[in-house]
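Report on the structure given below.
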Amino acid sequence: MIKMLIDSDYQTLKKMANPIKKPFVICDLDVLKTNLERVGEDLRKKNKKMRLCTKSVRVPEIVKYAEEQDFINGLFNYNSAEALFYAQEYRIRDILIGYPIMSELDAEEACKAASYENVEITVIVDNTHHVDLLEKYCNKNGVHLKLLVELDVSYRFFGMHLGVLRSPLRTPDDVISLARYIDDSNNVSFRGIMGYEAQNASVGDNKFLYRWLKKRSREFVNEHRATVVNELEREGFECEVVNGGGSGCYQETASEEVITEIGIGSLLFKSHIFDSIHSLNHFDPSLFFVLEIVRKPKNDVTTAFSGGYTSSGSDPAIPKPVIPHNIKTIKFEEFGEVQTPFKFNPDHIHLHLGDPIFCRFGKAGEPLEHFNEVNIFEDGKITGTYKTYRGLGKRFS
Ligand SMILES: Cc1ncc(COP(=O)(O)O)c(C=O)c1O
193 MIKMLIDSDY
203 QTLKKMANPI
213 KKPFVICDLD
223 VLKTNLERVG
233 EDLRKKNKKM
243 RLCTKSVRVP
253 EIVKYAEEQD
263 FINGLFNYNS
273 AEALFYAQEY
283 RIRDILIGYP
293 IMSELDAEEA
303 CKAASYENVE
313 ITVIVDNTHH
323 VDLLEKYCNK
333 NGVHLKLLVE
343 LDVSYRFFGM
353 HLGVLRSPLR
363 TPDDVISLAR
373 YIDDSNNVSF
383 RGIMGYEAQN
393 ASVGDNKFLY
403 RWLKKRSREF
413 VNEHRATVVN
423 ELEREGFECE
433 VVNGGGSGCY
443 QETASEEVIT
453 EIGIGSLLFK
463 SHIFDSIHSL
473 NHFDPSLFFV
483 LEIVRKPKND
493 VTTAFSGGYT
503 SSGSDPAIPK
513 PVIPHNIKTI
523 KFEEFGEVQT
533 PFKFNPDHIH
543 LHLGDPIFCR
553 FGKAGEPLEH
563 FNEVNIFEDG
573 KITGTYKTYR
583 GLGKRFS
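Per my numbering, the very first residue in the sequence shown carries number 193; after that it's consecutive.
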C-alpha cells in the first residue's frame, strides 16, 4: 500500500511543508507511477501504445521515466524547440512534433533534432505548405523527417462543431491527396495519421447531455477514423501510426481497431478536470501546489499568498483547494494572482497564519511554467526535487 499525499493528515503535511518556501509544487511520485502503470495495464491488454504528451508534464525527469516504460512509443512534443531539447539531452528515439511548423527557424530546429543519431522526428502536417517547408529544410540539412497527417475528427451536430478547430482535412480523399503529395517528395515520408477527439477527451460525464453527445461522437470518430485508414490502405498507404487522444477517453480510443497509439499526458497527474470522467475514477491525484496563509480578514475566511495558476481555454481550468478538507474559494474572487481567500468553518477547522493550503491544478502542465522545481514525495516524505522547464531556463510555449 502506498502512502498517498492526498490521504495524509493535515498536521503531518503541515510539518512537512513548514521549511519549504511557498508557494511550491509537490508531486506524489508513487501515485504518478501507479497512474502510469494503470494506463500500461489497459494498453497492454489491447495491444496499443501510449505517446506521452509532454506539454502536460513539463518536468524532463518525469518525462524520461515515463518514456522508458515498455508501453510508450515515444514523445508527443509541443514544438521543434522542445523536440530539439529531448533529442539533444536525452536522445529520445521517437519524437513527434504534435503541432504544425510554419517558420523557417522551426523547420531548421526540427532538422537539427533529426540529425542526432538514433533519433527519429515525425511532424504533424495538414497542408502542402507544411510539407514543402519541411522538404526544403530536410534537403538543405541532409536529414529525413516522417510526417503524420492530421485528420479532423470533430463531431458536427445540428450546426455545432464539437471538438478542436485544427486540421481542414475531413474526408478520406483530403487525406489521400496529401499522402500522395508527401509520397512525391524526396526527404519526407508518410508515416500515418493523427486525429484528436477533444470532444471526448476533455468533457466530463456529469451531465446527461454530455454523456449522450460523447457516445454519439465516439460512434462517429470510430467509424470515421477506420474509413480513412482503410481507404488510405486501399490506395497503398500503410499507416504505421494511427494516433488518437487523449487522457479523458483513452480506454475507448484504445478499443478502436485501427488505432496504434494514444496521446496521453495529464492523466499522470490526474488533474481535477478529469474528476467527472467515470472511466478515470481509479486514478489518483499526484500533483499539488501549496500556498501560505498570510491574512485572516474574517473569522471564517483566511487569505493565502498567490494562487492564480489557471490553465488556458474557453472555460479556464481553475485550481481547487483539497487539504485541509472542506475549505472553499470565494465565488467572486477565486484563485488570484497575488491573494486567494478561502472560506472555512472555524468550529471544525483551525487555520493559523503561516499554515499551508494544498491545492490541485485544474489541468496540469501549463501552470508548471510558474515554478522552477517540483518537490518529490515518496513513501510519505519529500525525497528531492526535479527541475521544471522553467527551472532549466527553457521556454517552449
Ligand atoms: C493532439 C493532442 N493529443 C492528445 C492530447 C491529450 O493530452 P492530455 O492527455 O494531456 O490531456 C492533446 C491535448 O491537448 C492534444 O492536443
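All C-beta atoms, glycine included, are put in the ideal place defined by N, C-alpha and C.
Buried or exposed (CB count within 10 angstroms, at least 16 for buried), methionine 294: exposed
Own chain, CB closer than 6 Å to isoleucine 574, minus 5 neighbours either side, in chain order: Asn567
Arginine 283 to valine 323 span [Cα, whole Å]: 25 Å
Pocket of ligand 1 (residues with CB nearer than 5 Å to any heavy atom), chain order: Cys245, Ser248, Tyr388, Gly437, Gly438, Ser439, Gly455, Ile456, Gly457 and Ser458
Valine 356 - DSSP class collapsed to helix/strand/coil: coil
Valine 434 beta carbon less than 8 Å from that of isoleucine 465: no
Residues of its chain near glycine 572, where Cβ-Cβ distance is below 6 Å and the 5 sequence neighbours each way are ignored: Lys195
Contacts around asparagine 333, its chain only, beta-carbon distance under 7 Å, and the 5 residues preceding and following it disregarded: Cys303 and Ser307
Heavy atom of ligand 2 within 7 Å of alanine 306 beta-carbon: By its list of ligands, the structure shown excludes ligand 2, since it contains just ligand 1.
C-beta atoms of cysteine 219 and leucine 483 nearer than 8 Å: no
Segment limits, alpha helix (DSSP H) that includes lysine 256: 252 to 259
Own chain partners of valine 231 with C-beta closer than 7 Å, once the 5 adjacent residues on each side are dropped: The answer, listed in chain order, is Met242, Tyr442, Ile456 and Leu459.
Isoleucine 451 versus leucine 405 - alpha carbon distance: 21 Å
Anticipated Cβ contact below 8 Å, aspartate 539 with isoleucine 485, distance rounded: Not a contact, Cβ separation roughly 18 Å.
Top-ranked residue by Cα proximity to leucine 401, from Asn414, Phe382, Leu354 and Gly436: Leu354
Cβ-Cβ distance between phenylalanine 497 and glutamine 531 below 8 Å: yes
Touch test, the region 511 to 528 against the region 415 to 425, Cβ-Cβ under 8 Å, three pairs minimum: Touching, no, given that fewer than three Cβ pairs across the two stretches are closer than 8 Å.
In DSSP terms, what lysine 535 is bridged to: Val493 and Lys520
For lysine 586 and phenylalanine 382, believed in contact at Cβ under 8 Å, the rounded distance: About 31 Å separates the two Cβ atoms, so there is no contact after all.
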